[in-house]
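Have a look at the structure below before the remarks.
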Amino acid sequence: MLNAIVPLVVDGLANAALIFFVAVGLTLVFSVLRILNVAHGSFYSIGAYVAATIGLWLVSSGLNPWLSFPALLLAAALVAALMGPLIERTLIHWTYGKGEAVQILVTFGLFLILEDLQRIVFGVRSIYADTPMALLGVSEIGGIIYLNYQLLLIGLAVVVLIGLRLFIRHTRYGKLISAVVEDREVSEALGINTRRIFMLAFTLGVFLAALGGALATPTTGVAPGLGAETMVLAFAVAAIAGLGQVEGAAVAAVIVGIARVLAIYYFPALDAVAPYLVMLAVLVIWPYGLFGSTSTRRI
Amino acid sequence: MLKLRDVNVAIAGVRVLRDVSFTLRPGICTVLIGRNGAGKTTTLRAIMGLVPLTGGAITLEGEALHTQPSYARARLGVGYAPEDRRLISEFSVEENLLLPALAMKLDAAERRRRLDEVYSLLPQLAEMRKRPGGATSGGQGKMVALGRALMVAQKVVMLDEPFQGLAPALAQDYAKTLAELRKAHEGLALLITESSPNLLDSIADETLSIERGAIGAEAPAPH
Ligand SMILES: Nc1ncnc2c1ncn2[C@@H]1O[C@H](COP(=O)(O)OP(=O)(O)OP(=O)(O)O)[C@@H](O)[C@H]1O
Ligand SMILES: [Mg+2]
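Respectively, the protein sequence lines represent chains A and B.
So that you can map any letter, position 186 of the first sequence is 713 in my numbering, and since no number is skipped, the others follow by simple counting.
So that you can map any letter, position 49 of the second sequence is 54 in my numbering, and since no number is skipped, the others follow by simple counting.
Right, here's the structure in full:
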């Protein structure tokens, strides 16, 4: 019994870890900038493509294969540094204070542009770069076999969750972000350069999504369509949690991750829709999500 | 020191401020009196850069202020306490006070100096400095908002209807604090709005009245 359930749970949690990175970025951007970025999932797939490209290059170059681990992080940082500020300044910036319709149109346009860009730069084939997974191997505990890379993913998600909370609560920029989330006008009048905070939060959101994508390459590879698929998943997670909830996103990611694996193992036909069935069920009972509220804005 | 010249503001196509001109001077307390909807809050928001001008100019010590973003105006020493206190609810009282220092990247010594000054003017804030901003009463919240504005205000402080909703005892405390502030900070220019003229007689040096977005006759307050 346990031998059947534990691997399933680990599978679900590893899956949840990847969705968590994207969803928490989506939620962060929503809280600070007050826009729902429909193109957010594309940063996941771009992170995945860049990581896979660097990974394959590392293998072919004959360098130390363990370098593929820092390369995953580097890929995410690269995507965030190059795309975050640029996209926020040139495009997202125009949607501030506009209605939801404008925001969705602009970010959907961005999504289409980014999808085409990926096809032009990375082609249309699937890419696998699983060196990190192969390097870490498996471990056997009590007769159960674990993929060490999956355990690493789960651990990293926990580290990012705690790190993000500590960052928001205890660092200068984190506190400025909290203030802007709650009251951007007063924040500005107290000397906070809110434009800079928007750019920073957007870039951090891009980084988290790209990190999710980079970390996913060794397990799932990357193929066209990944961005859209991820976007919908991340949105389901954020909606289940309540938009703007950091810890809530982690809980919701676990729920969705486990639901997906359960579906894959027991009701394969429901695999693709399982996350949305969960989302519907939650929203019917809690319209603002499990942890969302209508009163104060906070992160 | 802070000068408004023919300031016009329109909100949703409606003219809310009409050719507003006046000057705030160092050490002088100017009181802006007007009925509900007269344009008091909008005047302060225009000075702070929270609403765009459709015409006119605002200068601080001769330099254009109206072309600066809001946060830069704070950094130039213009402090503002809004009508509805608007504290950051999950920050403690002290974190609320320190937020401007954090935003403006003040060094530790300057931050300490300003905080001590606020605590010596408003000792009740020191007592509740650990309490969450969201857990203060209306009156306490006004004190915190005043303290927070003072952390910014090196040159000008603007208080929007500070006495509104204060119990008489608390209002007296607040007025006493303002008097002490003026002694401690001789060069500070004050701009205070009020809907009823009597409350501020004792501290007003100059009284302006605003009606339907236009400033009326300027009368020196009786001393
Ligand atoms: N956001 C807004 N949208 C539409 N009209 C507004 C807005 N803010 C202010 N106004 C209008 O501008 C005018 C001036 O408002 P303002 O808030 O400056 O008045 P006030 O003197 O501060 O009033 P009160 O004593 O009620 O605080 C009012 O007629 C109001 O209807
Ligand atoms: Mg008002």
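Cβ coordinates follow ideal geometry from the N, Cα and C atoms, glycine included.
Quantities reported herein were computed from a predicted structural model and do not represent experimental measurements.
Within the DSSP bridge table, the entry for Pro-137/B names Ser-97/B as partners.
Asp-538/A sits buried, since 16 or more C-beta atoms from the chains shown fall within 10 Å of its C-beta.
At a cut-off of 7 Å, the C-beta of Glu-712/A has a neighbouring C-beta in chain B. Between Leu-58/B and His-71/B, the gap from beta carbon to beta carbon is short of 7 Å.
For Ala-108/B, a Cβ of chain A is located within less than 7 Å of the residue's own Cβ. In the DSSP annotation of this structure, Tyr-85/B is not part of any alpha helix (DSSP H); the continuous beta strand (DSSP E) holding it starts and ends at 83–86. Along the region 59–91 of chain B, going in chain order, the ones with a CB nearer than 7 Å to a CB of chain A are Ser-75, Tyr-76, Ala-79, Arg-80, Tyr-85, Pro-87 and Arg-91.
The Cβ atoms of Leu-735/A and Gly-552/A lie closer than 7 Å to each other. Taken atom to atom, the span from the alpha-carbon of Ala-79/B to that of Ala-158/B is near 8 Å.
The beta carbon of Gly-574/A sits closer than 8 Å to the beta carbons of Ala-602, Ala-603, Val-606, Ala-736, Ala-737, Leu-738, Gly-739, Gly-740 and Ala-741 from its chain, once the five residues preceding and following it are set aside; these are given in chain order. Within chain B, the residues Ile-93 and Ser-94 have their CB atoms less than 7 Å from the CB of Glu-709/A, given in chain order.
With a threshold of 7 Å between beta carbons, Leu-104/B makes contact with chain A.
According to the DSSP assignment, Ser-587/A belongs to the alpha helix (DSSP H) that extends over 567–588.
For Val-773/A, the closest of Ala-684/A, Val-629/A, Ile-562/A and Ser-587/A by C-alpha to C-alpha distance is Ala-684/A. Residue Tyr-576/A holds the alpha-carbon nearest to the alpha-carbon of Ile-647/A among Ala-761/A, Gly-748/A, Tyr-576/A and Met-660/A. For Leu-717/A, the closest Cβ of chain B is nearer than 7 Å. Linking Ile-689/A to Ala-550/A through their CA atoms gives a straight-line distance of about 15 Å. Sorting Gly-650/A, Ile-614/A and Pro-659/A by C-alpha distance to the C-alpha of Leu-637/A places Ile-614/A at the top.
For Glu-199/B, the enclosing beta strand (DSSP E) covers residues 194–199. Closest in C-alpha terms to Met-133/B, from the list Glu-68/B, Arg-119/B and Met-148/B, comes Met-148/B.
Restricting attention to alpha helix (DSSP H) runs no shorter than 4 residues, the region 735–776 of chain A encloses them at 753–768, ordered along the chain. The beta-carbon of Ala-706/A is placed less than 7 Å from the nearest beta-carbon of chain B.
Residue contact check for Leu-55/B against chain A: a CB pair falls below 7 Å. Here Asp-165/B is buried. Its C-beta has 16 or more other C-beta atoms within 10 Å. Under the three-state reduction of DSSP, Ser-125/B is assigned to helix.
Proximity of the beta carbon of Val-21/B to ligand 1 is indicated: a heavy atom of the ligand is located closer than 6 Å. Among the residues of the region 677–703 of chain A, those with a Cβ less than 8 Å away from any Cβ of chain B are Arg-699, Lys-702 and Leu-703, in the order of the chain.
Residues of the same chain with a CB within less than 6 Å of the CB of Leu-9/B, apart from the 5 flanking positions on each side, are Val-25, Ser-26, Phe-27 and Ile-63 in chain order. Only buried fits Arg-787/A, as 16 or more other CB atoms lie within 10 angstroms of its CB. Cβ proximity to chain B below 7 Å picks out nothing from the region 601–621 of chain A. In this structure the region 81–91 of chain B does not lie against the region 108–115 of chain B, because fewer than three pairs of beta carbons, one per stretch, are closer than 8 Å. Neighbourhood of Asn-720/A in chain B, by CB distance below 7 Å: Tyr-76, in chain order. The three-state secondary structure of Asn-564/A, taken from DSSP, is coil. Distance between Leu-662/A and Ile-681/A, taken at the CA atoms: about 17 Å.
A residue is listed when its beta-carbon falls short of 7 Å from at least one non-hydrogen atom of ligand 2; in chain order these are Lys-45/B, Thr-46/B, Glu-88/B, Asp-165/B, Glu-166/B and Thr-198/B.
Taking all protein chains shown into account, Thr-730/A has 16 or more neighbouring C-beta atoms within 10 Å of its C-beta and is therefore buried.
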